[in-house]
Amino acid sequence: MNTFRKFLSLLPLKKKLKLPLEKQSGLIFKAAESVDEFEQVFAISGITKWDCLPCTTTLICKSGEKVLASISLISDSGFGLPSDQFINLGRFRHKGMRVLELSRLSIADPENDENRIILPLFKFIYEFTARVQRADALIISLDSHRADFMTSTLLFEPVEQGRILQMKSNEDSPESLVLFLHGIESRYLKENKDLHHYLFSAHSENMLLPENKFRFSSVPNFSPAKFRYFFIEQSDVLSSLSDREKFYLAEFYHFPEFRDIIKCGSENPNYQRSSPRIAVRFRASVINSSASRIRSGEVHQIALHGLALKITNMDFNVGEKVSVIIDMEDNTRMKVQGNVVWTNDHAAGVKLESLPDMWKEFNEYAWGMMKNELRLSA
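Sequential numbering from 1 applies to the sequence shown in this note's numbering.
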């Protein structure tokens with residue numbers, strides 16, 4: 001955080017901003033994967049409890065084998081978000097928005113590297129959050145008097161002051177900013193055409209997105225062995241978690257190889273999931289049994305025997321039989337059927353009554369990702 005604050009205080013005014021339109025020679029932007037990459041990241045930025053979540057992704061900038069910079073993209077989960085200590089994010093959650101927090105942006109050698117790294121890194125962040133994690137909004141918390149660059153150039157907005165949880169005691173108290181990603185390209189086009197072209201149109205061969213057959217929103221980082229190494233052997237992260245957090249983590253990872261390492265506090269939990277939950281984001285149509293109601297929706301979580309949906313004009317009831325037609329990434333469709341088992345104002349959970357072969361393949365691939373058995377980068 002100190003590096004980021006220093007960087008923001010030194011940035012030029014928006015009108016003087018020089019865009020790195022030429023390819024940044026020798027730089028590679030990717031999601032961290034290897035033990036060596038994570039060791040370098042944690043040496044620069046430290047390690048937190050959010051790092052052990054499979055829904056946290058660490059993006060890095062490398063030159064050769066050296067990590068020059070990193071930033072964590074933390075998805076909202078049972079752990080909450082780091083900014084929860086400063087602001088009330090309830091309005092985002094109530095709307096079912098997928099919120100990511102940008103956390104711990106760190107540059108190993110800011111004196112030499114920050115000017116050539118920062119804008120390419122944000123270009124990669126925008127591409128990664130749009131094409132892989134499909135976020136609705138990005139949150140970042142930083143000192144209020146360092147926020148000019150984020151608001152004037154990168155178009156972040158202050159979170160409503162009326163929702164601040166803690167009164168600012170001094171000028172160094174964090175200020176939380178939000179960037180709503182819907183329509184962001186048109187906003188940049190209106191504000192700064194050169195920056196819009198660089199961030200959204202200019203092709204960059206040095207920015208590597210995960211190779212992900214079904215385009216899942218989570219990009220898990222750790223095999224069981226790497227999980228044990230970083231969170232037990234190299235840090236006290238796991239031992240510092242509460243029993244509730246350990247139980248949540250064990251339910252998230254689900255597999256015995258992970259659960260034996262985590263050893264959640266309750267030996268006989270009242271509820272144990274039958275299969276892991278995987279974050280996804282696919283358009284879908286939800287149809288009742290008589291086909292008298294068809295609602296548009298979005299699948300945002302899958303398990304072997306069920307799925308969770310956000311539904312526009314939600315009017316389905318618990319016990320109702322529905323068909324869900326899911327639009328896959330390769331322009332194919334998959335149809336599943338089941339019964340609604342829970343609802344709220346904008347969402348529903350469906351327990352499937354049959355498991356098509358494609359659905360099984362879908363889940364098996366997700367499990368391979370969760371165990372970190374599949375290589376994710378080009």
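Just so it is clear, CB atoms sit at the ideal spot from N, CA and C, and this is done for glycine as well.
Between the Cα of residue i and the Cα atoms of the options, which residue gives the shortest distance?
i, options, result
"Arg-283", "Lys-62, Met-328, Arg-228", "Met-328"
"Val-340", "Met-314, Leu-209, Leu-142", "Met-314"
"His-300", "Phe-180, Asn-331, Asp-136", "Asp-136"
"Asn-317", "Ile-261, Phe-29, Lys-360, Val-350", "Val-350"
"Asp-345", "Gly-319, Glu-205, Lys-95", "Lys-95"
"Gln-446", "Ile-294, Phe-222, Ser-176", "Outside the modelled stretch of the chain, which goes from 1 to 378, sits residue 446, for which no answer is possible."
"Val-237", "Lys-49, Glu-320, Ser-34", "Lys-49"
"Pro-356", "Tyr-198, Arg-333, Leu-100, Ser-285", "Arg-333"
"His-254", "Leu-304, Val-159, Glu-233", "Leu-304"
"Lys-66", "Ile-74, Ile-87, Phe-38", "Phe-38"
"Met-150", "Glu-160, Gln-133, Thr-129, Phe-122", "Phe-122"
"Pro-256", "Trp-367, Ala-147, Asn-112, Arg-93", "Trp-367"
"Val-132", "Glu-211, Leu-195, Asn-88", "Glu-211"
"Ile-87", "Ser-240, Arg-259, Pro-158", "Pro-158"
"Trp-342", "Lys-321, Asn-331, Arg-116", "Lys-321"
"Ala-147", "Ile-125, Phe-247, Glu-364, Val-178", "Val-178"
"Asp-243", "Phe-231, Lys-263, Ile-232, Phe-252", "Lys-263"
"Thr-58", "Ala-291, Lys-30, Phe-258", "Lys-30"
Verify whether the separation of the beta carbon atoms of residue i and residue j is less than 8 angstroms.
i, j, result
"Tyr-188", "Leu-138", "no"
"Ala-32", "Ile-60", "yes"
"Ala-308", "Ala-347", "yes"
"Ile-287", "Ile-294", "yes"
"Val-280", "Ile-311", "no"
"Ile-28", "Asn-192", "no"
"Ile-261", "Pro-224", "yes"
"Ser-141", "Pro-110", "no"
"Ser-428", "Ile-118", "The chain is shown from 1 up to 378; residue 428 falls before or after that span and cannot be answered."
"Ser-63", "Gly-26", "yes"
"Leu-352", "Gly-319", "no"
"Glu-127", "Leu-209", "yes"
"Lys-335", "Ser-323", "yes"
"His-134", "Arg-98", "Note on residue identity: the sequence assigns Arg, not His, to residue 134. Yes. Within cutoff."
"Thr-129", "Leu-199", "no"
"Val-35", "Lys-226", "yes"
"Gly-297", "Ser-289", "no"
"His-196", "Glu-185", "yes"
If you reduce the DSSP assignment to three classes, tell me which class residue i lands in.
i, result
"Glu-175", "strand"
"Ser-285", "strand"
"Lys-6", "Its pLDDT being 49, under 50, Lys-6 is placed unreliably in this model, and the coordinates cannot settle the point."
"Arg-295", "strand"
"Gln-234", "coil"
"Val-35", "helix"
"Glu-257", "helix"
"Ala-250", "helix"
"Pro-210", "coil"
"Lys-30", "strand"
"Leu-309", "strand"
"Glu-205", "coil"
"Ala-225", "helix"
"Ala-279", "strand"
"Phe-156", "coil"
"Ala-303", "strand"
"Asn-270", "Low confidence applies to Asn-270: its pLDDT is 48, below 50, so where it sits in the model is not reliable, and the reading given next is rough at best. Coil."
- Entirely within the region 56-144 and at least 4 residues each: give me those alpha helix (DSSP H) ranges in chain order. 90-94, 110-128
- Can we say the region 65-72 touches the region 102-112, given the rule of at least three CB pairs closer than 8 angstroms? yes
- Task: Kindly provide the ranges of any beta strand (DSSP E) runs that are 3 or more residues long and lie completely inside the region 311-368, ordered along the chain.
- Result: 321-327, 333-343, 347-352
- Query: Is the number of C-beta pairs between the region 44-57 and the region 78-87 that are closer than 8 angstroms three or more?
  - Reply: Result yes; three or more Cβ-Cβ pairs closer than 8 angstroms.
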